[in-house]
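Please read the structure below before turning to the comments.
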């Protein structure tokens, strides 16, 4: 037995990933309180209905085979079942036929009431509710654990990089794009598609672009004869994600006919994430709009009430009081990033004290260096460096700047 499992990356995240956690919690709640009870009903009453219907069909199928009307194999049974339901085998007014139809109708009602059939995406019967709803449904424990684990691994970094609302919009758009294209190209038009994997694949494609040089850590396990072996290794994100994408393509080509996994949705989701992330990066949209939004968002993550009070003072035009509040917050916790950001805003934008805004800018960079956080380092540097054109960075910060450029691309 051999398996490999991704367990993390070298990217630091300094904010609670609220959106990622919310998505995971919603998925778990839906699975525990809607999917599992529905599965239990299908496994009891549904199986009983199937057995009773099968018994009726087999009784007449065996007789028809003895008469040479049908071949005794799976294709023959499928054709016979269709003919039976259309009333071609026995009298539609007979007791067996009416019993069979009643059982079938009850089974259909049971299936249609199941959350998978209500909100899973069925290509031949697309609904707006299923285009979104399918992302929050999973068929079993391995299905949901796998999707939520990959969502956590890549999602927390993208949420930190893009901000919560851009990230949420991107996640939902990835799922919508992947399921619509899946519905167009799949041959399984009548089977409901469920799972967050299309949306998660979109995140993985974006992760490959935004953190291509970062290192991903993997755990491996090998059971050889009677002895287990295990360990960890690291590879770059672009290589890890590229391998995963290639694996999905190969799985679709060679395994799609024998598997119930929607490899096409994975492929389309990944391509969507890859293309959109490249577009955001090279068009300048990310630097111009998203990073500014992230900084404002982070400034709202206030853990010290003095930061909020400083903002109130600013809005009232009381700059002296705002300075006192923010310096008090920094004195209580020198590594309070929202407080440092607010200090730069006050001294640069309101008080026009270049010396103090420069001081807090350097302290902000030093916090990221100390925490080995290249993502936040680059966010702060690229957004505030323009205010200090004559800035000479200390040697330690210069080294970390070069490292951060390499990591974040």
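Residue numbers (this note's numbering): 289 to 697. Backbone N, C-alpha and C define an ideal beta-carbon position, used for all residues, glycine too.
DSSP three-state assignment for residue i, whether helix, strand or coil
i	result
residue 513	coil
residue 590	Its pLDDT being 49, under 50, residue 590 is placed unreliably by the model, and the measurement read from it follows with that caveat. Three-state DSSP puts residue 590 in coil, outside helix and strand.
residue 414	coil
residue 406	helix
residue 363	helix
residue 505	strand
residue 369	helix
residue 293	strand
residue 316	helix
residue 667	helix
residue 481	strand
residue 624	coil
residue 656	helix
residue 684	helix
residue 678	coil
residue 382	coil
residue 499	coil
residue 604	coil
residue 426	coil
residue 397	helix
residue 374	coil
residue 304	coil
residue 599	helix
residue 488	helix
residue 691	helix
residue 647	helix
residue 572	coil
residue 698	The structure shown has nothing for residue 698, since the chain only spans 289 to 697.
Burial state of residue i, where buried means 16 or more other Cβ atoms lie within 10 Å
i	result
residue 511	exposed
residue 663	buried
residue 350	exposed
residue 401	exposed
residue 661	buried
residue 628	buried
residue 677	exposed
residue 619	exposed
residue 665	buried
residue 447	buried
residue 648	buried
residue 495	buried
residue 598	buried
residue 701	What is shown of the chain runs 289 to 697, which leaves residue 701 out entirely.
residue 473	exposed
residue 694	exposed
residue 573	exposed
residue 608	exposed
Within-8 Å CB hit, residue i to chain B
i	result
residue 643	Looking at the structure shown, chain B is missing, and only one protein chain is on hand.
From the options, residue whose alpha carbon lies closest to that of residue i
i	options	result
residue 552	471, 334, 681	471
residue 498	565, 457, 642	565
residue 595	360, 571, 632, 405	632
residue 689	467, 674, 677, 654	654
residue 508	501, 521, 496	521
residue 458	561, 438, 389, 570	561
residue 398	414, 332, 451	332
residue 416	431, 392, 464, 390	464
residue 548	505, 462, 407, 476	476
residue 453	359, 599, 310	310
residue 490	451, 301, 533, 448	533
residue 303	444, 364, 372, 334	444
residue 292	473, 334, 523	523
residue 505	441, 543, 607, 318	441
residue 297	673, 550, 438	438
residue 318	374, 404, 389	404
residue 294	372, 380, 435	435
residue 670	502, 366, 683, 652	652
residue 502	407, 299, 289	299
residue 682	657, 601, 376	657
residue 488	479, 478, 466, 537	466
residue 433	606, 320, 613, 376	320
residue 642	392, 674, 395	674
beta-carbon residue i near the ligand SAM non-hydrogen atom, thresh 7 Å
i	result
residue 485	As presented, the structure is devoid of all ligands, the ligand SAM included, so that no description of it is given.
Does the segment 423 to 430 come into contact with the segment 484 to 502, if we say contact requires no fewer than three beta-carbon pairs (one atom in each stretch) closer than 8 Å? Touching, yes.
Which ranges does the alpha helix (DSSP H) cover as unbroken runs of at least 4 residues, wholly within the segment 518 to 567, from first to last along the chain? 525 to 543
How about the segment 520 to 530 and the segment 542 to 556: do they share at least three Cβ pairs that are nearer than 8 Å? Output reads no: the segment 542 to 556 does not touch the segment 520 to 530.
Can you find at least 3 beta carbon pairs, one from the segment 376 to 385 and one from the segment 327 to 339, that sit closer than 8 Å? no
Within the chosen definition, does the segment 320 to 329 reach the segment 351 to 364 through at least 3 CB pairs nearer than 8 Å? no
Please specify which runs of the alpha helix (DSSP H), each continuous and at least 4 residues long, are wholly inside the segment 433 to 484, giving them in chain order. 452 to 473
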